[in-house]
Amino acid sequence: MSMLTLKGPRWVTVRQHRRALWTLPAAVAVSLAVFVVLRRQAAGATPRTGTDPFRELREALGYGGLAALLLPLLVGAFVAGPMVARELESGTYRLALTQSSTPRAWLASKITVAAVTAVACAAAFGLVHRFARLPLTTSYEYSWADRGPYETLGTVLPAYCLLGVALGAVVGQLVRRTTAAMAVTGLATGLVMAVLGAVRWSFLPARTVTSPLGAQFPYPPRDAFTTDFGLITSSGGRLPEWACTRSGSLDGCPAELNVTGQYVDYHPFTHYWPTQSIETAVVLVLAALALWGAFAVLRSRHP
Amino acid sequence: MTDDPVIEATGLGVRYSRRGGWALRDCSFGLPAHRVCALVGPNGAGKSTLLALAAGLLRPTEGAISAPPREETAYVGQDKPLYPQLTVDETLRMGRELNPGRWDAKSAARIVQEGGLDGGARIRSLSGGQRTRVALALALGKRPRLLLLDEPMADLDPLARHRLMGALMADAAENGTSVVMSSHIVAELEGACDHLLLVDGGRVRLSGPVDDVVAAHRLISGPATALADLAPHTVVESRTTGRLLTALARPNGPLDTDTWQTAHPSLEELLLAHLRSPDAPALAVGPRSAEAVRA
Amino acid sequence: MLEYRIDRRSGMATYLQIVHQTKQALRLGLLEPGDKLPTAREVVEATAINPNTVLKAYRELEREGLVEARRGLGTFVRRSLGGAPADSPLREELADWARRASAAGMERDDVAALFTAVLDQHFKGDDT
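This is how it looks when you write it as structure tokens:
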């Protein structure tokens, strides 16, 4: 645990940024309070038909999840700007780097303090979300695969926080201007999140259910995440589900299309953790590369 | 007391960008230990670059510089970098945290107290002179073998200047600290410094013990017609007013005292003459041992 | 405790100023054998001059046999200078003479010039 004891450069880092560092646990505490209140309200409400007593809780969870997506961006921007670039911009690095402790320890203390705080708060935020969604019996408007809940409830949010910290450490040194470094780091972290968010459901092959033409659309299992649906032709090709209706006839498909059935692609809930693990691993590899880069830049400038 | 050089530079050169000019070039010199060295030169001469090199904040583009390791070197930058959001007490605590096993809390606290500083005051609320005091306390608390000060007295009033210089000299007397301080105001350093390094245009123009450097020069005046007589000597600067010739020169032998009136220049006269004549040859008075100087 | 006053514009080497002021104090009886000179640290802290300058002055005084350095203790006066301590009859006579010069309407500079002239006449070649 010597990594966590507040001594040497880590003491200095915490002293410098203690206010900013407290905002994260404070935000987690506030979110916990909000969810406790909403859960109580929902439990105390008299059920009326046609209304969802958990509507507000669902909305709050949705917004909370989206807000959580900003966490890696904010943490990264903080490391890049106030922690690293500001020292280089204002010249205080000359104070820090001429003490007995090494430049490595200087950068490592910033990374450690930011990473520990961010990961702990991201994990705590995930637990708060798990606690808040307990009364929800259906995934209506709150699916495990949605952006927000997907990251918040899993391991990728802490991993993205680490990526933000590592990117901040390298960008802050290269850009050396507080606001510019913050913007670049936020954008870079957001870009990685957007790209991986777009491809994450390709990590594992989706499952497919089919039904013959004319029958009802097939149902994937409950809690499954539907990624695609449409029509199947006799040759095994796929057509969009509106292909039949577009030709004008409302009953039955034109024969030349050779449609024989309907399909639904989906990811079962069992894909959640494997997908999380693959994405987490990819993000951690990227974070490790950025971290290596940060120390390489430091070494090249300060022996 | 040993007089091994505390800083030794050979062929030192620094260029900040690949296409830019050289901030320092071809600098070779040695600074003996236990001395207080004045690093003088006009603005932009390369003084700050030289100090940053010695502090290990910069890597030379070419050549090499050897100085004590970071644990034994303290550096105070020109703008006295400190963390504005910390208090004075926290800043001193930082000194302890970042210099484990070396930190002299008593000395550091004394320097701060002598300035009548409130330990709970935030750095951002301090005046320039108070900041200098805290920065100096942080540097001396480290108990450095080498203390590098970039324009340390620039923003101080005369009294504060005198007091802080006194505190510095006391530390040098007590611990034998080697001090290098830069300034473009010579009067600020005269009396306090016993070693000289004149940097101008990125090059070392003069280096050596102050007394020896001064002793190597003469202020000469005589008839302008006798200018040719000065040929065997190194003339740094000469001026003719009517029939009178005045010059600052390094005699390379006896001067004809019938023709010439000579006097020892003051340090300031010497430095100004060199700055006015950028093409005058450089002079390095070899590092003699302290014992030889004393004898 | 002796306090040195350093005049940067006097043109006299700093270490010589310390030597002179120490001797002056010895002559006036302000320093007596056994007295301790201020440490180099004390001197430089008060005057902001280079420590090596103080050490050089003390070595000069030591070379002249006026003081001795005792390791770890400090620098101590070995012998006094001249025979005119601060309260000697000679000082009284000089003070009396100065009063009369003043009464006769002489200016400070006149007195100094006269005194120096007489000094030069009687103490040739001994300028320390």
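Chains as they are written, first to last, in numbering that gives the first Met the number 0: chain A, 0 to 302; chain B, 0 to 294; chain C, 0 to 127.
All C-beta atoms in this analysis are idealised placements derived from N, C-alpha and C, irrespective of residue type, glycine included.
Note that the structure is a prediction, hence the values are computed from the model and not measured.
Can the beta-carbon of residue 71 of chain A be found less than 7 Å from the beta-carbon of residue 163 of chain A?
Position 72 of the first sequence, counted from the first residue, corresponds to residue 71 of chain A. Position 164 of the first sequence, counted from the first residue, corresponds to residue 163 of chain A. Yes, these two residues count as a Cβ contact at 7 Å.
Going along the chain, which residues of the stretch 39–51 of chain C sit with their C-beta nearer than 9 Å to a C-beta in chain B?
Those would be 39, 40, 41, 42, 43, 44, 45, 46, 47, 48, 49, 50, 51, in chain order.
What is the rounded straight-line gap between the Cα of residue 105 of chain A and the Cα of residue 298 of chain A?
In the first sequence, residue 105 of chain A corresponds to position 106, counting from 1. In the first sequence, residue 298 of chain A corresponds to position 299, counting from 1. Spanning the two alpha carbons is a distance of roughly 12 Å.
Throw me the rounded Cβ distance for the residue 107 of chain B and residue 128 of chain B pair, which I believe falls under 8 Å.
Position 108 of the second sequence, counted from the first residue, corresponds to residue 107 of chain B. Position 129 of the second sequence, counted from the first residue, corresponds to residue 128 of chain B. Their Cβ separation, rounded to whole angstroms, is 17 Å, which puts residue 107 of chain B and residue 128 of chain B out of contact at 8 Å.
Just list the alpha helix (DSSP H) runs in the stretch 249–282 of chain B, keeping only unbroken ones of 4 residues or longer that don't cross its boundaries, in chain order.
266–275
Could you pull the DSSP bridge partners for residue 182 of chain B from this structure?
Here residue 182 of chain B is taken as the residue at index 183 of the second sequence, counted from 1. B:39, per the DSSP bridge assignment.
Does any residue of chain A bring its CB to less than 7 Å from the CB of residue 89 of chain B?
Taking the first residue of the second sequence as 1, we reach residue 89 of chain B at position 90. Closer than 7 Å to some Cβ of chain A, the Cβ of residue 89 of chain B qualifies, so yes.
Tell me, please, whether the CB atom of residue 168 of chain B is closer than 7 Å to any CB atom in chain C?
As a working note, residue 168 of chain B is residue 169 in the second sequence. Output row for residue 168 of chain B: interface = yes.
List, in order along the chain, the chain B residues whose C-beta lies closer than 9 Å to that of residue 5 of chain C?
As a first step, residue 5 of chain C must be located in the third sequence, where it is residue number 6. Residues of chain B passing the Cβ test: 190.
According to DSSP, simplified to helix, strand and coil, what is residue 194 of chain B?
Residue mapping note: residue 194 of chain B aligns to position 195 of the second sequence, counting from 1. Residue 194 of chain B falls in the strand class under three-state DSSP.
Please classify residue 0 of chain B as buried or exposed, where buried requires at least 16 other C-beta atoms within 10 Å of its C-beta.
Position 1 of the second sequence, counting from 1, holds the residue named residue 0 of chain B. Because residue 0 of chain B carries a pLDDT of 46, less than 50, the predicted location of this residue cannot be relied on, and the following value inherits that uncertainty. It is exposed - the Cβ of residue 0 of chain B has fewer than 16 other Cβ atoms within 10 Å.
Which residues of chain B have a Cβ atom closer than 7 Å to the Cβ of residue 13 of chain C, listed in chain order?
Indexing the third sequence from 1 puts residue 13 of chain C at position 14. Neighbours of residue 13 of chain C on chain B, chain order: 190.
Whose C-alpha, out of B:146, B:268, B:200, is nearest the C-alpha of residue 26 of chain B?
If you number the second sequence from 1, residue 26 of chain B lands on position 27. Checking every option, the nearest Cα to that of residue 26 of chain B belongs to B:200.
Given that residue 7 of chain A touches chain B, what residues does it touch there, using C-beta distances under 8 Å?
Indexing the first sequence from 1 puts residue 7 of chain A at position 8. What residue 7 of chain A touches in chain B: 96, 97, 99.
Consult DSSP for residue 231 of chain A and reduce its assignment to one of helix, strand or coil.
Translated into the one-based positions of the first sequence, residue 231 of chain A becomes position 232. Residue 231 of chain A: strand per DSSP, three-state reduction.
With DSSP run on the structure shown, which of helix, strand or coil describes residue 21 of chain B?
Numbered from its first residue, the second sequence carries residue 21 of chain B at position 22. Strand at residue 21 of chain B.
Residue 230 of chain B: buried (16+ other C-beta within 10 angstroms of its C-beta) or exposed?
Numbered from 1 along the second sequence, position 231 holds the residue referred to as residue 230 of chain B. Burial call: exposed.
What three-state label does DSSP hand residue 37 of chain C in the structure shown?
Taking the first residue of the third sequence as 1, we reach residue 37 of chain C at position 38. Coil.
Mind pulling the alpha helix (DSSP H) runs of 4 or more residues that sit fully within the stretch 43–113 of chain B?
If one requires a minimum length of 4 residues, the alpha helix (DSSP H) runs lying completely within the stretch 43–113 of chain B are 46–53, 87–97, 104–113, in chain order.
Anything in the stretch 140–167 of chain B with a Cβ closer than 7 Å to a Cβ of chain F? List those residues in chain order, please.
Among the protein chains of the structure shown, namely A, B and C, there is no chain F.
On the three-state DSSP scale, how would you describe residue 219 of chain B?
Numbered from its first residue, the second sequence carries residue 219 of chain B at position 220. The answer is strand: DSSP assigns residue 219 of chain B an E or B state.
Just mark residue 69 of chain C as buried or exposed, buried being the case when its beta carbon has 16 or more other beta carbons within 10 Å.
Residue mapping note: residue 69 of chain C aligns to position 70 of the third sequence, counting from 1. Counting Cβ neighbours within 10 Å, residue 69 of chain C comes out exposed, since fewer than 16 surround it.
Residues of the stretch 162–178 of chain A with a CB closer than 9 Å to any CB of chain B: list them in chain order, please.
Within the stretch 162–178 of chain A, no residue qualifies.
Round the Cβ separation of residue 197 of chain A and residue 268 of chain A to the nearest angstrom and send it over; I've been treating them as touching at under 8 Å.
Against the first sequence, residue 197 of chain A aligns to sequence position 198. Against the first sequence, residue 268 of chain A aligns to sequence position 269. Wrong, their Cβ atoms sit about 21 Å apart, outside the cutoff.
Quick one: what does DSSP say residue 301 of chain A is sitting in, helix, strand or coil?
The sequence position of residue 301 of chain A within the first sequence is 302, counting from 1. It is coil, neither helix nor strand.
For my contact list, residue 54 of chain B and residue 74 of chain B are in at a C-beta cut-off of 8 Å; report their separation, rounded to the angstrom.
Working through the second sequence from its first residue, we reach residue 54 of chain B at position 55. Working through the second sequence from its first residue, we reach residue 74 of chain B at position 75. Right, their Cβ atoms sit about 4 Å apart.
Just to confirm the assignment, what range does the alpha helix (DSSP H) spanning residue 114 of chain C have?
Stepping through the third sequence from its first residue, residue 114 of chain C is reached at position 115. Start and end: 107–121.
Report buried or exposed for residue 112 of chain B, applying the criterion of at least 16 other Cβ atoms within 10 angstroms of its Cβ.
For the purposes of this step, residue 112 of chain B is identified with residue 113 of the second sequence, where counting begins at 1. That one is exposed.
Measuring only the C-alpha atoms, how far is residue 56 of chain A from residue 231 of chain A?
In the first sequence, the residue the question calls residue 56 of chain A occupies position 57. In the first sequence, the residue the question calls residue 231 of chain A occupies position 232. Between residue 56 of chain A and residue 231 of chain A, the C-alpha separation is close to 40 Å.
Could you please give me the residues that DSSP links to residue 6 of chain B through a beta bridge?
What you label residue 6 of chain B is simply residue 7 of the second sequence in a count that begins at 1. BP columns for residue 6 of chain B point to B:30.
What did DSSP end up calling residue 289 of chain B once you bin it into helix, strand or coil?
Reading the second sequence from its first residue, position 290 is the one you call residue 289 of chain B. Reliability fails at residue 289 of chain B, whose pLDDT of 40 lies under 50, so the model's placement of it is uncertain and the value that follows must be treated cautiously. Helix at residue 289 of chain B.
Taking contact to mean at least 3 C-beta pairs separated by less than 8 Å, is the stretch 148–158 of chain A in contact with the stretch 170–178 of chain A?
The stretch 148–158 of chain A vs the stretch 170–178 of chain A: no contact.
For residue 51 of chain B, which residues of its own chain have a beta-carbon under 6 Å away from its beta-carbon, when the five flanking residues on both sides are left out?
On the second sequence, position 52 is the one that residue 51 of chain B refers to. The residues are 57.
Comparing the C-beta of residue 11 of chain A with each C-beta of chain B, is any distance below 7 Å?
Numbered from its first residue, the first sequence carries residue 11 of chain A at position 12. Closer than 7 Å to some Cβ of chain B, the Cβ of residue 11 of chain A qualifies, so yes.
Check each residue of the stretch 179–203 of chain B: if its Cβ is closer than 8 Å to any Cβ of chain C, include it; give the result in chain order.
186, 189, 190, 191, 192, 193
Give the secondary structure of residue 150 of chain B by DSSP, where H, G and I count as helix, E and B as strand, and everything else as coil.
The count along the second sequence starts at 1 and reaches residue 150 of chain B at position 151. Residue 150 of chain B falls in the coil class under three-state DSSP.
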